[in-house]
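A quick write-up on the structure given underneath.
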Amino acid sequence: DLAEILAIARDVGWKAADILHSYYHGT
Amino acid sequence: IADITVSQYILQRLQAAFGDEDFTYISEETYKSQLQEQNSQLVWLIDPLDGTKDFIDKTGDYAIHIALIQDHRPILSIVAVPEAETIYYATKDSGTFKETPKATVPITLLTEKSIEDLTLVVSRSHRHERLNYLLQHLPCQNQKAVGSVGCKIATILEQKADIYISLSGKSAPKDWDIAAPELILTEAGGSFTHFDGSPLRYNTDDINQWGGLFASNSNYHQILCQEAQRILLEFDNLKR
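Sequence lines, in order, name chains A and B.
If you count by our numbering, then the first sequence holds residues 1 to 27, one letter each, in order.
If you count by our numbering, then the second sequence holds residues 1001 to 1240, one letter each, in order.
Now the structure itself:
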């Protein structure tokens, strides 16, 4: 089901963004 | 370190959720060690940090790309832009959405500009003589410098630019650079093709996207593709 896959991928995207954001700002 | 850490995080999460039976996982960071059995019908293409140079140079233009490929075409994609606190996502035939901590909204591209008023979003790097000639001779001369393919396409979705052109030189963008941005653009109503109008294909024998790629908010897409081909032919004849 593409909607279920999308929900997981969106969550992964947000968490990955948090990780990169932390490295970018050195926090 | 950021690149590898995020790559490992994304791979672990996706593999834990979807397993290895039906899905293959290709990340920019692990690609060379994976060569290469890609017989799965469904392939995840991951760029954990698109725009590495801009990340290092602190321009803010970096993104995460995650795309799911079926039959060589993207069917689901995520482009996360951390410094904008935004992710763009799309699934095939279901549109593109912009999600921020405050809201989720659909994106539909509309423009009524004349061809001369269109703005090209261009790289700060990856320039070469043939691309410079092309950019100098197109009818639209407004340019905006943005790093990362994901951020460039986001700039078109935000209607701050209209066109992105990639023209390979000695190197070419890879599948993971293009697949996720392509789907968020096309599902919003834009177009993303080779200069001859043919669709891009992913997860083929070659991970490189050679040649000319043209992305736009659709107005004048075909006309400008034809014009790009004419200008490049002119350049090649001049160089003979």
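Ideal Cβ positions, reconstructed from N, Cα and C, are used throughout, including at glycine.
Bear in mind the structure is a predicted one, so any value in this text is a computation, not a measurement.
Does DSSP classify R1230 (chain B) as helix, strand or coil?
Residue mapping note: residue 1230 (chain B) aligns to position 230 of the second sequence, counting from 1. Helix at R1230 (chain B).
To the nearest whole angstrom, what separates the beta carbons of I1156 (chain B) and Y1220 (chain B), a pair I think is in contact under 8 Å?
On the second sequence, position 156 is the one that residue 1156 (chain B) refers to. On the second sequence, position 220 is the one that residue 1220 (chain B) refers to. Not confirmed; about 13 Å, so no contact.
Using the Cβ count rule (16 or more neighbours within 10 Å means buried), how would you classify H1128 (chain B)?
In the second sequence, residue 1128 (chain B) corresponds to position 128, counting from 1. It counts as exposed.
Beta-carbon proximity check, I1064 (chain B) vs P1048 (chain B), cutoff 8 Å
As a first step, residue 1064 (chain B) must be located in the second sequence, where it is residue number 64. As a first step, residue 1048 (chain B) must be located in the second sequence, where it is residue number 48. Yes, these two residues count as a Cβ contact at 8 Å.
How many Å lie between D1050 (chain B) and H25 (chain A) at the Cα?
Taking the second sequence and counting its residues from 1, the one referred to as residue 1050 (chain B) is at position 50. Taking the first sequence and counting its residues from 1, the one referred to as residue 25 (chain A) is at position 25. About 17 Å.
Taking only beta-carbon atoms, is I1087 (chain B) less than 8 Å away from chain A?
Walking along the second sequence from the start, residue 1087 (chain B) turns up at place 87. By this cut-off, I1087 (chain B) is an interface position.
Exposure label - W1210 (chain B); buried when at least 16 CB within 10 Å:
As a working note, residue 1210 (chain B) is residue 210 in the second sequence. Residue environment for W1210 (chain B): exposed (fewer than 16 other C-beta atoms within 10 angstroms of its C-beta).
Identify the contact partners of G13 (chain A) in chain B, using a Cβ-Cβ distance below 7 Å as the criterion.
Counting from one through the first sequence, the residue named residue 13 (chain A) turns up at place 13. Going along chain B in sequence order, the residues near G13 (chain A) (Cβ under 7 Å) are I1064, I1066, I1078, A1080 and I1087.
From the DSSP output, which residues share a beta bridge with Q1070 (chain B)?
To locate residue 1070 (chain B), count along the second sequence from 1; it is residue 70. Paired residues: B:L1042 and B:R1073.
Residues bridged to T1096 (chain B) by DSSP?
Residue numbering aside, residue 1096 (chain B) sits at position 96 when the second sequence is read from its first letter. Paired residues: B:A1090 and B:I1107.
Rounded to whole angstroms, what's the CA-CA distance from K1166 (chain B) to P1101 (chain B)? Just pull it up for me.
For this step, residue 1166 (chain B) is matched to residue 166 along the second sequence. For this step, residue 1101 (chain B) is matched to residue 101 along the second sequence. Reading off the sequence shown, one finds Ser at residue 1166 (chain B), where the question assumed Lys. Taking the straight line from one Cα to the other gives about 32 Å.
Suppose the cutoff is 8 Å on Cβ atoms and the five residues either side in sequence are ignored; what does the same chain contact list for T1030 (chain B) look like?
By one-based count along the second sequence, residue 1030 (chain B) stands at place 30. Hits under 8 Å: S1007 and L1011.
Go ahead and pull the three-state DSSP assignment for S1166 (chain B).
Reading the second sequence from its first residue, position 166 is the one you call residue 1166 (chain B). DSSP places S1166 (chain B) in strand when its eight states are reduced to three.
Name the DSSP bridge partner or partners of G1212 (chain B)?
Numbered from its first residue, the second sequence carries residue 1212 (chain B) at position 212. Bridge partners of G1212 (chain B): B:L1167.
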